[in-house]
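Chains as they are written, first to last, in the numbering used here: chain L, 835 to 948; chain W, 11 to 119.
Cβ coordinates follow ideal geometry from the N, Cα and C atoms, glycine included.
A short write-up of the structure that comes next.
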Amino acid sequence: EAQVTQNPRYLITVTGKKLTVTCSQNMNHEYMSWYRQDPGLGLRQIYYSMNVEVTDKGDVPEGYKVSRKEKRNFPLILESPSPNQTSLYFCASSPGGIAKNIQYFGAGTRLSVL
Amino acid sequence: GQNIDQPTEMTATEGAIVQINCTYQTSGFNGLFWYQQHAGEAPTFLSYNVLDGLEEKGRFSSFLSRSKGYSYLLLKELQMKDSASYLCAANGGSYIPTFGRGTSLIVHP
Numbered sequence: 835e836a837q838v839t840q841n842p843r844y845l846i847t848v849t850g851k852k853l854t855v856t857c858s859q860n861m862n863h864e865y866m867s868w869y870r871q872d873p874g875l876g877l878r879q880i881y882y883s884m885n886v887e888v889t890d891k892g893d894v895p896e897g898y899k900v901s902r903k904e905k906r907n908f909p910l911i912l913e914s915p916s917p918n919q920t921s922l923y924f925c926a927s928s929p930g931g932i933a934k935n936i937q938y939f940g941a942g943t944r945l946s947v948l
Numbered sequence: 011g012q013n014i015d016q017p018t019e020m021t022a023t024e025g026a027i028v029q030i031n032c033t034y035q036t037s038g039f040n041g042l043f044w045y046q047q048h049a050g051e052a053p054t055f056l057s058y059n060v061l062d063g064l065e066e067k068g069r070f071s072s073f074l075s076r077s078k079g080y081s082y083l084l085l086k087e088l089q090m091k092d093s094a095s096y097l098c099a100a101n102g103g104s105y106i107p108t109f110g111r112g113t114s115l116i117v118h119p
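Encoded structure:
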C-alpha cells in the first residue's frame, strides 16, 4: 500500500530534550516536506527536499533541522525543543517536478513541549 | 511572494450546494489544488486545476481563472460527512505548494 509513515503519532517532551520525528515513504517520490499546523495559521512549511542530499528552508525553519540521506526517509529533528514548537506536524511526499505535484501526507505527529 | 486567501468558516445545510472561494498570488504558477482535511486527520487530495475552466469529479467541482488568480471549490448535494476543512494550495515555480489557512465547512441537518 502506498503510504507516508511518520512516528511517533503523539509525543510529550520537555524543553531542551532533543527529539526526532521520523518520516518514510514507499512511493519513490522525489519531493518530501515537513509542515506544522496551528489553529488559525493553517499549514506552514518547515523544510522541504527535492532530492537526496538536497534540502531547503520553508516558511518557518527556525528551531528545526532535517536530513535526506536516502530517498525514502526525511526525519525532522528538534535539537532543543521549546513550548512554541507545540503543534501538529505533517510529513508529505510528492512526485516532484511536474505540475500535478500532489502531496501525500502522513497521519501526523502531535507534539507537546512542556 | 506567495499569498493565498480563503474564508475562515462557512456553514451550509445538508443537501445544499456550497462554493468555497480562493484567491492566490504566486511567483510562477504550476497548478491550483484543493485538499480536504477532517478534524485530527491528514489532508487528502481532492482536485487539481492548471488550465482555466471547470473540472468536475462527482459531487465536487473546481474552477480556475488564472488571469484573476481565483479558484473555487463547489460541493453539491452536501452530506454531513463533508464537514471538514478545505485547503486551497497553489504551486509556484518550484512545484512547492503554498497552502491557504483553510476554510472550515460545517454542514448541519
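- Task: Give, in chain order, every unbroken run of the beta strand (DSSP E) that is at least 3 residues long and sits entirely within the region 854–926 of chain L.
- Result: 865–872, 876–885, 888–891, 910–912
- When you compare only the Cα positions, how much space is there between L/Leu-945 and W/Leu-83? 32 angstroms
- Query: Does the beta carbon of L/Ile-932 sit closer than 8 angstroms to a beta carbon anywhere in chain W?
  - Reply: It does: the Cβ of L/Ile-932 has a partner Cβ on chain W nearer than 8 angstroms.
- Query: Would DSSP call L/Lys-852 helix, strand or coil?
  - Reply: coil
- Can you check whether the CB of W/Ser-57 is closer than 8 angstroms to the CB of W/Ser-72? yes
- Message: On a Cα-Cα basis, can you pick out the residue from L/Leu-853, L/Thr-849, L/Tyr-865, L/Lys-852 that is closest to L/Asn-907?
- Response: L/Tyr-865
- Message: Measuring alpha carbon to alpha carbon, tell me which residue in W/Ile-116, W/Ser-75, W/Tyr-96 is nearest W/Gly-110.
- Response: Ranked by Cα distance from W/Gly-110, the options W/Ile-116, W/Ser-75, W/Tyr-96 are led by W/Tyr-96.
- In this structure, does DSSP put W/Lys-67 in helix, strand or coil? strand
- Distance, W/Asp-92 Cα to W/Ile-27 Cα: Distance between the alpha carbons of W/Ile-27 and W/Asp-92 is about 11 angstroms.
- Query: Going by other Cβ atoms of all chains shown within 10 Å of its Cβ, with 16 needed for buried, is W/Thr-18 buried or exposed?
  - Reply: exposed
- So which of W/Val-60, W/Leu-115, W/Ile-116, W/Thr-21 has the shortest CA-CA distance to W/Gly-38? W/Val-60
- Message: Any C-beta of chain L within less than 7 angstroms: which residues of the region 105–119 of chain W qualify?
- Response: Tyr-105, Ile-106, Pro-107, Phe-109, Gly-110, Arg-111, Gly-112
- Message: Looking only at its chain, what residues have a beta carbon closer than 7 angstroms to the beta carbon of W/Lys-67, apart from the 5 residues adjacent to it on each side?
- Response: Closer than 7 angstroms at Cβ, skipping near neighbours: Ser-57.
- Short-range partners of chain L found in the region 33–49 of chain W, where Cβ spacing is below 8 angstroms: Asn-40, Gly-41, Phe-43, Tyr-45
- Query: Are L/Ser-914 and L/Lys-852 close, meaning C-beta to C-beta below 8 angstroms?
  - Reply: yes
- Message: Considering only the alpha carbon of each residue, which of L/Glu-896, L/Asn-862, L/Leu-877, L/Arg-878 lies closest to L/Val-838?
- Response: It is L/Asn-862 whose Cα lies nearest to the Cα of L/Val-838.
- Under 8 angstroms from the C-beta of L/Ala-836: neighbouring residues of chain W: Result: empty, since nearest Cβ-Cβ is about 12 angstroms, beyond 8 angstroms.
- Tell me, to the nearest whole angstrom, how far the beta carbon of L/Ser-916 is from that of L/Gly-897; I am working on the premise that it is less than 8 angstroms. Indeed, because the Cβ distance is near 7 angstroms, the residues count as touching under 8 angstroms.
- Given a threshold of 16 other Cβ atoms within 10 Å of its Cβ, counted over all protein chains shown, does W/Asn-13 qualify as buried or as exposed? exposed
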